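Novice:
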Amino acid sequence: MRPTKLTISAFGPYAGEMILELDRLGDRGIYLITGDTGAGKTTIFDAITFALYGNASGENRKPRMLRSKYASAEARTFVEMEFVYNGKTYRLRRNPEYLRAKQRGEGETKERPDALLELPDGNVITGDRTVTARVEELVGLNREQFSQIAMLAQGSFSRLLSGRTEDRGAIFREIFRTRPYQKFQERLKDKAKGLYGAYADSVKSIGQYAGGVMAEDGERWQAAVESKDLEAMLDLLEEMIREDESGAAGLDQDLKAVRERSGLLGQRLGEARSAAKAQEDAQRAEQELRENRPLFEEAKAVFEREKGRAGEREQLIGEISRAQENLKAYDEHDRLAADSRACQAEAKGMEAVEAAAGNEAETLGLKLQELQEELDRLQTVGEELVAARSAAERLGQNRQRIAAHARELSEYRAEERKLAAAQREYQVADQARRAREAEYQELYQVFLDSQAGILAAGLKPGQPCPVCGSLEHPAPAGRAAAGDGTEGRPGAPGAGAAVHEERGAGAAVHEAPGAGTAIHEAPSRPSHTPVTKEQVDAASRRAKEASDAAAKLSLRAGGVKGSLDQRFERMKEQVEVEIGGWKESWQERIRGARAKGREAFLEEWKLVLEQLDGVLGRQAEAGEQTIRGLEERAKRRGQLEAQKRKTAQALENCRERRQEAGKARLRAETRRTELERQIAELKKRLPHGDRAAAEAELTEHRRRLLAMEQALNAAEKRLNEYSGRVSAAEARAQALNRQLEAFYRQQEERCVICAAPQGNLSPMPDSSPAAPLSPSDWVRQLEAELAGMGEILERLEAGRNRLHHRLETNRLARDNMVRQRAAMEAARQQWTWVKAMADTAAGEVNGKDKITFETYVQMAYFERIIARANARFMVMSGGQYELKRCMEEDGRGKNGLGLSVIDHYNGSERSARTLSGGESFQASLSLALGLSDEIQSQAGGIRLDTMFVDEGFGSLDGESLNLAVKALAGLAEGNRLVGIISHVPELKERIEKQIVVTKEKSGGSRAEIDI
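As numbered in numbering that gives the first Met the number 0, the sequence shown has no gaps in its residue numbers, which increase by one up to the final residue, 1010.
1) I'd like to confirm the pairing. Which residues does DSSP put opposite Arg-93 in its beta bridges?
2) Tell me whether the beta-carbon of Thr-33 lies closer than 8 Å to the beta-carbon of Lys-998.
3) DSSP state of Cys-464, grouped into three classes?
4) Need the endpoints of the alpha helix (DSSP H) that Thr-854 sits in, please.
5) Please state whether the Cβ-Cβ distance between Met-80 and Pro-12 is less than 8 Å.
6) Nearest CA to the CA of Leu-552: which residue from Lys-595, Ala-421, Ser-449?
7) Classify Phe-183 as buried or exposed, calling it buried when 16 or more other Cβ atoms lie within 10 Å of its own Cβ.
8) Identify every residue that forms a DSSP beta bridge with Tyr-30.
9) Closer than 6 Å by C-beta to Glu-110: which residues in its own chain qualify, once you throw out the five before and the five after it? Chain order, please.
10) Report yes or no: is there a C-beta of chain B within less than 8 Å of the C-beta of Ser-1001?
11) So Ser-899 and Glu-908 are in contact, right, with Cβ under 8 Å, and what is the actual spacing, rounded?
12) I need the boundaries of the beta strand (DSSP E) containing Gln-573, first residue and last residue.
13) According to DSSP, Arg-1 sits in a beta bridge with which residue or residues?
14) Using only alpha-carbon positions, find the residue among Gln-921, Ile-589, Ala-474, Arg-654 that is nearest to Leu-363.
15) Does DSSP classify Glu-887 as helix, strand or coil?
16) Mind checking whether Thr-164 and Asn-894 have CB atoms under 8 Å apart?
17) For Met-17 versus Ile-7, is the C-beta distance shorter than 8 Å?
18) With C-beta atoms as the reference, is Met-0 less than 8 Å away from Phe-82?
19) Give me, in chain order, the residues of the same chain whose beta-carbon lies closer than 7 Å to that of Asp-338; leave out the 5 immediate sequence neighbours on both sides.
20) For Gly-235, which residues from the same chain have a beta carbon less than 6 Å from its beta carbon, with the 5 sequence-adjacent residues on both sides left out?
21) With DSSP collapsed to three states, give me the class of Glu-1007.
22) Is the number of C-beta pairs between the stretch 870-878 and the stretch 904-921 that are closer than 8 Å three or more?
23) Looking only at C-alpha atoms, which of Met-349, Arg-794, Ala-428 sits nearest to Ala-542?
24) Does the count of Cβ pairs from the stretch 120-130 and the stretch 853-867 closer than 8 Å reach three?
25) Between which two residues does the alpha helix (DSSP H) harbouring Asp-280 extend?
26) What did DSSP end up calling Tyr-52 once you bin it into helix, strand or coil?
27) Taking just the CA atoms, how far does Glu-297 sit from Leu-697?
28) Within this structure, are the beta carbons of Met-239 and Asn-809 separated by less than 8 Å?
29) If distances are taken between C-alpha atoms only, which option among Gly-25, Gly-15, Leu-19, Ala-9 comes closest to Thr-945?
30) By how many angstroms is the C-alpha of Lys-101 removed from the C-alpha of Ser-981?
31) To the nearest angstrom, how far is the alpha carbon of Lys-40 from that of Glu-20?
32) In the structure shown, what three-state DSSP assignment does Gly-15 receive?
33) Residue ranges of each alpha helix (DSSP H) run of no fewer than 4 residues wholly in the stretch 683-723, ordered along the chain?
34) Taking 8 Å as the cut-off, does the stretch 653-670 touch the stretch 291-309 (at least 3 CB pairs, one atom from each stretch)?
35) If contact is defined by three or more beta carbon pairs under 8 Å, each pair taking one atom from either stretch, is the stretch 664-683 in contact with the stretch 342-356?
36) Just tell me which of Leu-65, Leu-367, Ile-174, Glu-415 has its CA closest to the CA of Glu-598.
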């Protein structure tokens, strides 16, 4: 990759636009970039890097910092570069993000980062990131790799020469990306640390579990814990657990015996309590029997007496039946009387309805008459509404015609604007046609002149001319060349626009809708460039294309003009038809305007249409108001007709109701007369004067019967109650006495229980005839015995709980200690081999060199860098010095990347830090070049045709400077161009090709190529 042209605008210290024709430096050798300190020498390399990758070469210079502080507000910041890669030419243009003045108005606007890459085949790639990706694909390097290979930065490799293993390792880590090896070392170290922590946690956990053991012999267990012998602790703990398990089994047997004894005592206590309660209940049953027997006898006598009054009750029942039959006759009398009263009320009601219906019929008749009178007044409203709507429809048709004429006029005006635009497009296209034809004629004449010169150059005296056959050539034509005086005449090679094969690379015609044809002139062709037939043919094609485009636009404009004229004639005919029925004054007004010309006619017609539209609009509004009023009246007429029909129907209904009410009144009066006759006949058959006397007699009979039945029921109930009490008391007393007899019999038969488990239990109470006890005495004695058994059971359970708690605690501690012992052993084994691996990777193995895993990898790169560097260091030092990798002398810290120098003059080897200033520069430069070669090799063997060296040549004496320049010249052998960035005066004298950077007093810098 070799830049051939670099354009810098408002970039870094360069305020304006600066163009460097880098192809003037050639394609090989060395050249010098010189100038004042801070003038912007390194900025040239930054511009190249920015054009390629969108970033400067250094990490400290961000893209948004690249705009020149000396640039004017209107200046645009960009870098444009043409470069050659694999024999093909590419063009790059890129701008960073920056603020610039707005093109319109005041203030600033942000320019977004953008890039453009033009490929050799003419294709163009745009977009900041897209172009960067395409450059990386093309060159095969990213920005970091390109900066490390193409730029040997000032002072960056002196640290590589004089630093220690840690310093060189840090440099190689970034260049060769060995950080993963460093991270692998750190992960191994962290893994070993974590495993040791797990081992320590297991030991700590075992101690905590041992502290929680419950030992009966605390001193013995404490001694085992202090011995820190895990196996001894587990053995002792196992022994303690076995002892406690044996003691727990004995306690369980004692508890079982006590619970059995307590159960037996509880059973006997229950029996005694039942017997005591039975004795109390038997006594109460005897007392109840003595109290209820006299009452039972008395109730029995009363019941027999009431039972003997059955005859009286039968007689009363017969009298009640006869009285109920008499009451039915009174019910019939009451029903007939009620019907008579209802008929009387109905007759009066019908009489009132008949009168009301007559009054309502009179009112409805008057209302019907009023409705008919109002309907007569609205008789013609329908015809009036039809006429108003017809008038409104005609008015709407007139307005539509006027609107159609207005639209026609508006469309005509739009066609006029289209015609004007088409004419302007044709004028621009015609200018382009003339320019293309002139260009073609000019190139064609140059071509003919070139052909004549070529033929004349081949003429020899005595040989025939291929054109005329003459053997003599007195005035042969000459070739058109630079400086021959033909530049100013038409048809000279340099007089026209340059012609390129690619459309869009030279002069081209681009059609844009509505914008005509634009012509872009290409830079002028140098006068010494010949014109080929292909170029003339291309110009001919472009001239034809321009002519065709102009003809097409001319035809288009003519079509629009013809269409416009036809529309105008049609519009005149329509106007004539429209105004035929108008007033004479309006017709004269239109025809007078038409006589003045087309434009006057159109303006007058527009004014008339506007006036008519206003008049018709007002008439339409008045017509709408009239229609709304007539519609309201028509609506009122419909309402009146509906009211008339409704009122007539109501009058008819009213008359019918009056007639029906009269008939109903006559029927009610006839029915009432018949009912009064039936009531008089019924009164003659009743035994009492009225219903109240009959009901009073029936009530008295019922009261007497009820009193007799209640007395009989009460006597029977009282007899049953006392009979039940006596029977229940007798049965209960017998059952309780049998239960007591069984209890005493059981106590006589039961033997004395005197056995006691484990010697801790007292004998059972004696139940022999020699010691008779009542049930209550048995209860008290058994309760006391059972309470004693409860105290014994409580003591045994408390002891067993303590023993079980100790067992569970110690078992859990034993299981946890065994589990932690396995985890501790596993962690210790894994930590052992991981620690050994981590120490090896970290270079911390005792008795070995402190070489880390990352350093071991970097040593391979360092060896290759030194081998490449020595190829140049031997030349620069005149064969005296050779670099060699070694161990650090003091042996402190990391090792493996030490650097020594072999002095072939005296056969000694010493540290590279002992080199003088000039020797150190030579060694640093050699290392830089060696590192660049190695990085280039790592990038796939990619070769860059351009390199930059930014190092301190000022520390070299004359001889060393010669050797350094000789080594750089050797680096530039082949097709490589090396630029040296320096302000050393001696280099200005030794290197002919230079780029001189100068600070300007007005601010900013400028650069020129000096060869």
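Note that the Cβ used here is the ideal one computed from N, Cα and C, for glycine as well.
All values derive from a computational prediction rather than experimental measurement.
Specialist: So, from the data block:
1) Here residue 93 corresponds to residue number 94 of the sequence shown, with the count starting at 1. Answer by DSSP bridge pairing, in chain order: Val-78, Ala-114.
2) Translated into the one-based positions of the sequence shown, residue 33 becomes position 34. Translated into the one-based positions of the sequence shown, residue 998 becomes position 999. Not a contact, by the Cβ cut-off of 8 Å.
3) Within the sequence shown, residue 464 is the residue found at index 465, counting from 1. In the structure shown, Cys-464 sits in coil (DSSP, three-state: anything other than H, G, I, E or B).
4) On the sequence shown, residue 854 is found 855 positions in, with the first residue counted as 1. From DSSP, the alpha helix (DSSP H) with Thr-854 extends over 852-875.
5) By one-based count along the sequence shown, residue 80 stands at place 81. By one-based count along the sequence shown, residue 12 stands at place 13. Not in contact: Met-80 and Pro-12 (Cβ atoms no closer than 8 Å).
6) As a working note, residue 552 is residue 553 in the sequence shown. When only C-alpha atoms are compared, the closest one is Ala-421.
7) Taking the sequence shown and counting its residues from 1, one reaches residue 183 at position 184. With fewer than 16 other Cβ atoms within 10 Å, it is exposed.
8) The residue you call residue 30 lines up with position 31 of the sequence shown. Looking at the DSSP assignment, Tyr-30 forms a beta bridge with Gly-978.
9) Your numbering for residue 110 matches position 111 in the sequence shown. If we look at Glu-110 and ignore the five residues flanking it on each side, its Cβ neighbours are Tyr-97, Arg-99.
10) Looking at the structure shown, chain B is missing, and only one protein chain is on hand.
11) For the purposes of this step, residue 899 is taken as residue 900 along the sequence shown, with counting starting at 1. For the purposes of this step, residue 908 is taken as residue 909 along the sequence shown, with counting starting at 1. Rounded, the Cβ-Cβ distance is 5 Å, consistent with contact.
12) As a working mapping, residue 573 is identified with position 574 in the sequence shown. It is not in any beta strand (DSSP E) - Gln-573 instead sits in the alpha helix (DSSP H) that spans 532-577.
13) The residue you call residue 1 lines up with position 2 of the sequence shown. Arg-1 is bridged to Val-83.
14) Taking the first residue of the sequence shown as 1, we reach residue 363 at position 364. That would be Arg-654, whose Cα lies nearest to the Cα of Leu-363.
15) For this step, residue 887 is matched to residue 888 along the sequence shown. Looking at Glu-887 - three-state DSSP - the assignment turns out to be coil, as it is neither helix nor strand.
16) Here residue 164 refers to the residue found at position 165 when the sequence shown is read from its first residue. Here residue 894 refers to the residue found at position 895 when the sequence shown is read from its first residue. Yes, these two residues count as a Cβ contact at 8 Å.
17) As a position in the sequence shown, residue 17 is number 18, starting the count at 1. As a position in the sequence shown, residue 7 is number 8, starting the count at 1. Yes, the pair counts as a contact, with Cβ atoms nearer than the cut-off.
18) Residue 0 sits at position 1 when you count from the first residue of the sequence shown. Residue 82 sits at position 83 when you count from the first residue of the sequence shown. In this structure, Phe-82 lies closer than 8 Å to Met-0 by Cβ.
19) Here the question's residue 338 lines up with position 339 in the sequence shown. Correct list, in chain order: Leu-674.
20) Position 236 of the sequence shown, counted from the first residue, corresponds to residue 235. Looking at the sequence provided, one finds Leu at residue 235 rather than Gly. Ala-223, listed in sequence order.
21) Here residue 1007 refers to the residue found at position 1008 of the sequence shown. It is a strand residue.
22) yes
23) On the sequence shown, position 543 is the one that residue 542 refers to. The residue with the shortest Cα to Cα distance from Ala-542 is Ala-428.
24) no
25) By one-based count along the sequence shown, residue 280 stands at place 281. 229-306 is the extent of the alpha helix (DSSP H) around Asp-280.
26) Walking along the sequence shown from the start, residue 52 turns up at place 53. If DSSP states are grouped into helix, strand and coil, Tyr-52 belongs with the helices.
27) For this step, residue 697 is matched to residue 698 along the sequence shown. For this step, residue 297 is matched to residue 298 along the sequence shown. Approximately 35 Å, taken between the alpha carbons.
28) By 1-based counting over the sequence shown, the position of residue 239 is 240. By 1-based counting over the sequence shown, the position of residue 809 is 810. In contact: Met-239 and Asn-809 (Cβ atoms closer than 8 Å).
29) As a first step, residue 945 is located in the sequence shown; it is residue number 946 there, counting from the start. Considering only alpha carbons, the answer is Gly-25.
30) Here residue 981 refers to the residue found at position 982 of the sequence shown. Here residue 101 refers to the residue found at position 102 of the sequence shown. Computed Cα separation, rounded: 40 Å.
31) Residue 40 sits at position 41 when you count from the first residue of the sequence shown. Residue 20 sits at position 21 when you count from the first residue of the sequence shown. Approximately 16 Å, taken between the alpha carbons.
32) In the sequence shown, residue 15 corresponds to position 16, counting from 1. Residue state, collapsed to three classes: strand.
33) none
34) no
35) yes
36) For the purposes of this step, residue 598 is taken as residue 599 along the sequence shown, with counting starting at 1. Glu-598 has its Cα closest to that of Glu-415, out of Leu-65, Leu-367, Ile-174, Glu-415.
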